[in-house]
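**Student:**
Protein chains in written order, with my numbering: chain U, 178 to 765; chain L, 178 to 765.
1. Please decide whether residue 577 (chain U) counts as near chain L, where near means a Cβ-Cβ distance under 8 angstroms.
2. Within 10 Å of its beta-carbon, does residue 197 (chain L) have 16 or more other beta-carbons around it, so buried, or fewer, so exposed?
3. I'd like to know if residue 213 (chain L) contacts chain U, where contact means its C-beta is closer than 8 angstroms to some C-beta of that chain.
4. Quick check: is the beta carbon of residue 178 (chain L) nearer than 8 angstroms to any beta carbon in chain U?
5. Do residue 494 (chain U) and residue 542 (chain U) have their C-beta atoms closer together than 8 angstroms?
6. Tell me which residue opens and which closes the beta strand (DSSP E) that residue 313 (chain U) is part of.
7. Report all residues from its chain with a CB closer than 7 angstroms to the CB of residue 279 (chain L); omit the five preceding and five following residues, and keep chain order.
8. Taking DSSP as the reference, what is the three-state secondary structure of residue 220 (chain U)?
9. Is there a Cβ of chain U sitting closer than 8 angstroms to that of residue 255 (chain L), yes or no?
10. Does chain U have any CB closer than 8 angstroms to the CB of residue 591 (chain L)?
11. For residue 307 (chain U), return the contacting residues in chain L, with the cut-off set at a CB-CB distance below 8 angstroms.
12. When you compare each of U:540, U:244, U:248, U:530 to residue 488 (chain U) by their alpha carbons, which one comes out closest?
13. Indicate the three-state DSSP secondary structure (helix, strand or coil) for residue 468 (chain U) in the structure shown.
14. For the alpha helix (DSSP H) containing residue 243 (chain L), name the first residue and the last one.
15. Whole-angstrom Cβ separation of residue 194 (chain L) and residue 233 (chain L), contact assumed at under 8 angstroms?
16. Can you name, in chain order, every residue of its own chain whose Cβ lies under 6 angstroms from the Cβ of residue 484 (chain L), other than the five neighbours on each side?
17. Any Cβ of chain L within less than 8 angstroms of the Cβ of residue 463 (chain U)?
18. Note the first and the last residue of the continuous beta strand (DSSP E) segment covering residue 433 (chain L).
19. Return the bridge partner residues of residue 346 (chain U) from the DSSP annotation.
20. Beta carbon of residue 398 (chain L), beta carbon of residue 358 (chain L): below 8 angstroms?
21. How do the region 436-444 of chain U and the region 411-428 of chain U stand: do at least 3 beta-carbon pairs fall below 8 angstroms, yes or no?
22. CA-CA distance, residue 326 (chain U) and residue 274 (chain U)?
23. Please decide whether residue 740 (chain L) counts as near chain U, where near means a Cβ-Cβ distance under 8 angstroms.
24. What are the residues of the region 194-227 of chain L that lie near chain U, defined by any Cβ-Cβ distance shorter than 8 angstroms?
25. Kindly confirm or deny that the region 520-535 of chain U and the region 554-562 of chain U touch, where touching means at least three C-beta pairs closer than 8 angstroms.
26. With C-beta atoms as the reference, is residue 441 (chain U) less than 8 angstroms away from residue 245 (chain U)?
27. For the candidate residues L:215, L:301, L:363, L:475, whose alpha-carbon lies nearest to that of residue 329 (chain L)?
28. In the region 501-525 of chain L, which residue ranges form an unbroken beta strand (DSSP E) of at least 3 residues, counting only runs that do not cross its ends?
29. Any Cβ of chain L within less than 8 angstroms of the Cβ of residue 435 (chain U)?
30. CA-CA distance, residue 454 (chain U) and residue 230 (chain U)?
31. Contact between the region 335-347 of chain L and the region 307-314 of chain L is defined here as three or more beta-carbon pairs at a separation below 8 angstroms; is this criterion met?
32. Give me the Cα-Cα distance between residue 426 (chain L) and residue 382 (chain L), rounded to the nearest whole angstrom.
33. Using the three-state DSSP reduction, which class does residue 334 (chain L) fall into: helix, strand or coil?
34. Beta carbon of residue 210 (chain L), beta carbon of residue 475 (chain L): below 8 angstroms?
35. What three-state label does DSSP hand residue 653 (chain L) in the structure shown?
36. So, helix, strand or coil for residue 366 (chain U), using DSSP?
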């Protein structure tokens, strides 16, 4: 399995070094786990480590935090083990945040045994006039290779690090954290471009590290997987703390997504209670395999919900001494979790003794809350977070009063809704285009009370459509300035002059299927969805037997202007020369 | 001159990296000068760089500051030039602030061309539970060798880094900044020990880097040169910003002191106006030579004093339009300085264009101040500090009213003075012992209004004398607890039981002179005082032809308990094994 053609990559993200470092109990948690992760990389003799952002919890880590990090990186990632892969791309483009724009292991003054490649997260993002982040200190020291930092707010061009080990070619794409709304818009506006090598495009395994909201926090406050280019093979998704490391297939884009999750719980939410893992990714040719490695130093976290109204047999709000009974119930629940924790911890000497415990108590229906500080006292020696074990909550009211609310909000809402239907319903492509945005903005509004969502999206769509039509000479700048057309009218114009999106997408899908069935040459089985079995399982994933459209318009959404960007390649050692095609979002 | 037996050391201090880094004009000054210093080290192919503290201006340097520093160190101090000296001492003792307790150039994973040895200053001193300073980040990265960090507040043991190049043996002592009062007391209490190699003591050139007040800021708020062990050959004194780099001889201790001064002006005081230099120190055997190297990137700083009362021929406070005349005078003075600056800068392309200008205007005698913001406007394009060119001051009143003040202060002062004379005058050794402290405390009080100085010193002396006598069994702990003796009585007891200090010192001096005249074997001329000539001069200094007392009591002040400390020596490569004698302050 581990031969000279196989990349062995340790994948980890959201290490949040320094999280709660002043806490007497949990202070060392993040440090211990980074140590475990680096040690794991060393033991497994990986080719490199790929970090998905938020290595540091604080934008300005403390001295202790930086010192520990530097110390651990120097301890584990420097040494005599040789590096078995080459870099074929222009490193001055790949590593653009220091005066040493080359990979650390090729620096003649540093003896690197395990290169670390990292994008930055939202916690350790670049700030200040120099646009430097904490990672750049490590980068300048030669301990980390910070990549995926886009310096422009106008346009993002993601130029991959092209790695070759034996016969395997790995294109490593990365995009450091960008505010989700901004990135969302840039994707929608075709301002995000992923460059691809011009030669042998189908031979590359395309790996992309991203650090954004994956789950929808608002209409445009996340990045839909559909935004990502479908030539990718595997996306390593950082930022989301729930460990969903087993690659899941995106049926539309036909790539896989692995979400390793954080290696320390930074909130007491259910997502953080999932058992934490890192991944050992093997890539050989176009095939991959992701081995899940459970982390042993992570503090256990148990969470349970209690709905008091469900215990009507035992007590009701008016029952005498109901508070006492409720408290006893909670006490029993916490004790139960503590027992579970202890049982699970048996034989795991590296796991910290005191678990994190959270009991969410739904006291809807007339119950009252009890004194949590007295409750905490009972667990002060057994629980890592005695002060906030209990979290009281009440169910939200039902949504029967939407109409009432709309009435209260007044005409403005109605106007917006009307405008929405005028603009969107008549134009199929609009709702498709903004499938992830405007198409659902109405529901979003109703669901989540996000008042400005629709207005914002309509203005946005208006400007976009204007630009689109202007670029094609359908309307002029004067038309725009004079606000000659409503959005609805613009959409109709667009329908007339621009090839239908639905048609383009259907064509693209057909194209892919055809290629997929006829490409051959790869010996692996077709992609299969992988179910998450148990924590210790190794999940074999093989690369899809699908072909790549080389021509333009063969797939993708068929919109936008398609610039071809050729990037000169600096060569290192005995490596190939290559150049890039621009592969803008959704088109190739 | 530069042969295989000659250490070539670049000496610099108080670089204050990051000083005013947000200033539009001066923001890059400290960075440019660090760059110049490191470049100078590289060009001169020095064996190592010795920094005397305050490399960083801020205890928590900004990201930009750390990033720049790391970048420059990596650029200039890493590379293939071989290192020509060995370290003979136990490096785990020398470099005790990281998990890598060895000199960076011996680390197998780092290719160091110029090792940097640095003590910390008061600006970048260790803080927090971990006792880490900014320097330790560089240390952990392997870019700097931080030494001279004492982790104990009870006792300071300065264990030298023992370096050998060819036949030259260099013992490098360092003591990072400690609050002056605290260190003063520790010296007085014999809590500061300098260890010396047991073998071949006379063969070592003893170099000491210290970062403390050298000029007296208060009775105990500085470190008198006399406190330092007289076996030293050269003291590199950091912290003081005035460049007094030409070694001056301390006639009492017979060592030399070089005060390189800061490489950036952090205040507009006269000391900072002295031309800034770094030093190129050559040490061969026991001889040394310090070459002054003027810094080219340092912003010029001109300062002048104007006493308005001196211009009585031109104007008086009641002269019509006197303000205008005063302003014109100041204007002319500043213009004059600007002309001087420009002339001096001719042919110095690296020197920043706009100089720092300070005009101190003494307006005593009834004059008024004028509007400085209007004044500043005139020089906004020519001066680096337009906003604070003018500094108005008034002469202090004469000291004729000391008696009056004393009367106002009341009995307490008189009591203190009485107590002082009772205690001090009768006991010769007391005034000698505290020559730098209590002996001058009275004048200090009168001069500088430091009310607590005497009381503090007397209490201090009382405790010290008590401990001293208790250690000799003259008095008991019960006596102390019961406050059986006054300071005066204790001093008398001390006089009876402890050999007279004056006698001990006289004996020691005699001893030294004898040795000095008879030692021979060193071919250099006897020490000579060196006058500061011009900026470009090279000042040859040769080591004194003086012997070293090996026995105890042969010199020094003859007090205190003399512990012998033997330190195991870790060996690196082909180096000698050695051990240490404890050489406590003032005794051997």
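Glycine residues also receive a C-beta, built at the ideal position from the N, C-alpha and C atoms.
From a predicted model like this one, the values you see are computed outputs, not experimental measurements.
**Tutor:** The relevant details are as follows:
1. With a pLDDT of 45 at residue 577 (chain U), under the threshold of 50, the predicted position of this residue should be treated as unreliable, and no value is reported.
2. buried
3. no
4. no
5. yes
6. Here residue 313 (chain U) belongs to no beta strand (DSSP E); instead the alpha helix (DSSP H) covers 311-318.
7. 268, 272
8. helix
9. yes
10. Since pLDDT at residue 591 (chain L) reaches only 48, below the 50 mark, its modelled position is unreliable, and the value read off the structure follows with that caveat. No, residue 591 (chain L) lies away from the interface with chain U (no Cβ there is under 8 angstroms from its Cβ).
11. 240, 241, 244
12. U:540
13. strand
14. 240-254
15. 5 angstroms
16. 539
17. no
18. 433-436
19. U:341, U:381
20. yes
21. yes
22. 8 angstroms
23. At residue 740 (chain L), the pLDDT of 26 sits below 50, so the modelled position is not reliable; the number obtained from the coordinates is stated separately. So no, residue 740 (chain L) is outside the interface.
24. none
25. yes
26. no
27. L:363
28. none
29. no
30. 16 angstroms
31. no
32. 16 angstroms
33. strand
34. yes
35. coil
36. coil
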